[in-house]
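*Asks:* Numbered per the working numbering, the sequence shown spans residues 11 to 244.
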Amino acid sequence: MVNYELVAILLMLIGLVVLIAEILIPSGGIIGIISLACLVGSFWAAWQAWWESSPVIFGIYAFSLLFFIPATVAGAFYILPKTPIGKKMFFDPPNEEDVRPFVSEAEKLQKLVGEVGKSLTMHNSGGMVTLGGKRYHSESEGVLLEPGLPIRVIGLKGNSLLVREISEQELQSAEQEQSEPSELPQPNHSSVAGTNGTSNTLTEPKPQPTSKAKPTPEGAGRASDEPNVDFDIP
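#1: Rounded to the nearest angstrom, what separates I30 and I43 at their Cα positions?
#2: Does the region 79-86 come within contact of the region 53-70, defined as at least 3 CB pairs closer than 8 Å?
#3: Could you work out which residue in K128, E185 and L34 is closest to P91 when comparing CA atoms only?
#4: My output table needs one value for L141: the three-state DSSP class, helix, strand or coil.
#5: How is G136 classed by DSSP in three states: helix, strand or coil?
#6: Can you give the beta carbon distance from V17 to A55, rounded, assuming they're within the 8 Å contact cut?
#7: Taking 9 Å as the threshold (C-beta atoms), are Y146 and L122 in contact?
#8: Can you tell me whether G124 is helix, strand or coil according to DSSP?
#9: Let me make sure I understand the geometry here. Which of V28, P65 and G158 has the alpha-carbon closest to that of H264?
#10: Going by the CB atoms, is the gap between M22 and L75 shorter than 9 Å?
#11: Within its chain, find whatever has a CB closer than 7 Å to the CB of K167; leave out the 5 residues flanking it on each side and keep chain order.
#12: Taking 9 Å as the threshold (C-beta atoms), are I161 and G127 in contact?
#13: Can you name the residues that DSSP bridges to I161?
#14: Use the C-beta contact count for G136: other C-beta atoms within 10 angstroms, 16 or more gives buried, fewer gives exposed.
#15: Quick check on DSSP: helix, strand or coil for E187?
#16: How many Å lie between E185 and T93 at the Cα?
#17: Tell me the rounded alpha-carbon separation between G204 and S177.
#18: So for N210, helix, strand or coil by DSSP?
#19: Taking the Cβ atom as the reference point for each residue, do L20 and S52 lie within a distance shorter than 9 Å?
#20: For L290, which of L119, I24 and E115 has the nearest alpha-carbon?
#21: Using three-state DSSP, classify L154 as helix, strand or coil.
#22: For V28, I'd like the list of residues in its chain whose CB is within less than 7 Å of its CB, leaving aside the five on either flank, ordered along the chain.
#23: In terms of residue numbering, what span does the alpha helix (DSSP H) encompassing L20 cover?
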């Protein structure tokens with residue numbers, strides 16, 4: 011007589027293990043079909059073992075099967091990136107230090123938008139241009155650019171400059187604008203020197219000494235206040 015209880019448990023364990031193998035080893039779905047067959051056979055054996063004799067045990071088995079299938083898949087995806095096979099399948103996200111040089115380069119190239127220069131090589135559609143004596147990778151707008159043509163940077167395309175052909179007059183006017191020095195107001199040295207106190211120092215008026223009146227005796231003060239009276243002696 012077949013022990014359906016043991017068959018149900020063994021087939022469930024085998025099905026879960028094969029399910030993990032399907033996740034770890036790409037097989038085109040063959041291992042997945044084997045896992046599904048084992049789980050279906052386990053459910054059929056459990057139904058034969060407990061459906062009539064012990065429905066409670068069958069319910070516990072069905073709940074366990076529904077719980078362990080998604081838990082096994084989630085656990086496999088958690089363990090998979092840590093395995094040698096998973097490290098080849100999944101790549102670690104780049105560090106900020108590794109990405110920063112590319113971001114800095116893009117920021118530098120963004121500052122060149124609007125600059126003018128000349129093409130160094132044939133563009134069909136990629137090539138090289140020179141801007142301010144430096145060489146940069148560039149791409150045209152899908153048209154053919156010959157070497158030595160004046161160009162203007164109109165944008166970025168990846169890590170390359172997107173350029174467009176311009177006329178010689180536009181190139182000369184742009185270079186003239188860049189070569190003209192900006193006139194800045196010259197600082198007034200006299201005012202600066204005066205404020206620093208080096209040459210034009212402001213002389214503050216010296217306070218005049220105030221004379222303090224000396225106190226006089228009370229008698230002298232009274233005598234000076236009384237009128238002078240002359241007495242004629244016969």
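Where is the CB? At the ideal position from N, CA and C, for every residue including glycine.
*Replies:* Based on what the coordinates show:
#1: Translated into positions along the sequence shown, residue 30 becomes position 20. Translated into positions along the sequence shown, residue 43 becomes position 33. So the alpha carbons of these two residues sit roughly 12 Å apart.
#2: no
#3: Here residue 91 refers to the residue found at position 81 of the sequence shown. The shortest C-alpha separation from P91 is found at L34.
#4: Taking the first residue of the sequence shown as position 1, residue 141 is located at position 131. The answer is strand: DSSP assigns L141 an E or B state.
#5: Within the sequence shown, residue 136 is the residue found at index 126, counting from 1. Strand at G136.
#6: As a first step, residue 17 must be located in the sequence shown, where it is residue number 7. As a first step, residue 55 must be located in the sequence shown, where it is residue number 45. Going by Cβ atoms, the distance from V17 to A55 rounds to 4 Å, so yes, they are a contact pair.
#7: Looking up residue 122 in the sequence shown gives position 112. Looking up residue 146 in the sequence shown gives position 136. Contact: yes.
#8: For the purposes of this step, residue 124 is taken as the residue at position 114 of the sequence shown. DSSP places G124 in coil when its eight states are reduced to three.
#9: For residue 264 there is no data in the structure shown, the boundaries of the chain being 11 and 244.
#10: As a working note, residue 75 is residue 65 in the sequence shown. As a working note, residue 22 is residue 12 in the sequence shown. Cβ distance < 9 Å, so L75 and M22 count as in contact.
#11: In the sequence shown, residue 167 corresponds to position 157, counting from 1. Around K167: E149.
#12: Within the sequence shown, the letter at position 117 stands for residue 127. Within the sequence shown, the letter at position 151 stands for residue 161. For G127 and I161, yes; Cβs fall inside 9 Å.
#13: Against the sequence shown, residue 161 aligns to sequence position 151. BP columns for I161 point to G127 and E175.
#14: Here the question's residue 136 lines up with position 126 in the sequence shown. So G136 ends up on the exposed side.
#15: Locating residue 187 in the sequence shown gives position 177, where the first residue counts as 1. Residue state, collapsed to three classes: helix.
#16: Locating residue 185 in the sequence shown gives position 175, where the first residue counts as 1. Locating residue 93 in the sequence shown gives position 83, where the first residue counts as 1. Their backbone Cα atoms lie some 59 Å apart in a straight line.
#17: If you number the sequence shown from 1, residue 204 lands on position 194. If you number the sequence shown from 1, residue 177 lands on position 167. Legend: pLDDT at G204 = 46, less than 50; position of this residue unreliable, no value from coordinates given.
#18: As a working note, residue 210 is residue 200 in the sequence shown. Low confidence applies here, because N210 scores a pLDDT of 46, under 50, leaving its location unreliable; read the following figure in that light. N210: coil per DSSP, three-state reduction.
#19: Residue mapping note: residue 20 aligns to position 10 of the sequence shown, counting from 1. Residue mapping note: residue 52 aligns to position 42 of the sequence shown, counting from 1. Going by C-beta atoms, L20 is nearer than 9 Å to S52.
#20: In the structure as shown, the chain starts at 11 and stops at 244, and residue 290 therefore has no counterpart that could be examined.
#21: Your numbering for residue 154 matches position 144 in the sequence shown. Of the three classes helix, strand and coil, the one that applies to L154 here is coil, per DSSP.
#22: Sequence index remark: in the sequence shown, residue 28 carries index 18 (1-based). Once the five neighbours on either side are set aside, the close Cβ partners of V28 are I41, I44, S45 and C48.
#23: Translated into positions along the sequence shown, residue 20 becomes position 10. Here the alpha helix (DSSP H) through L20 covers Y14 to L34.
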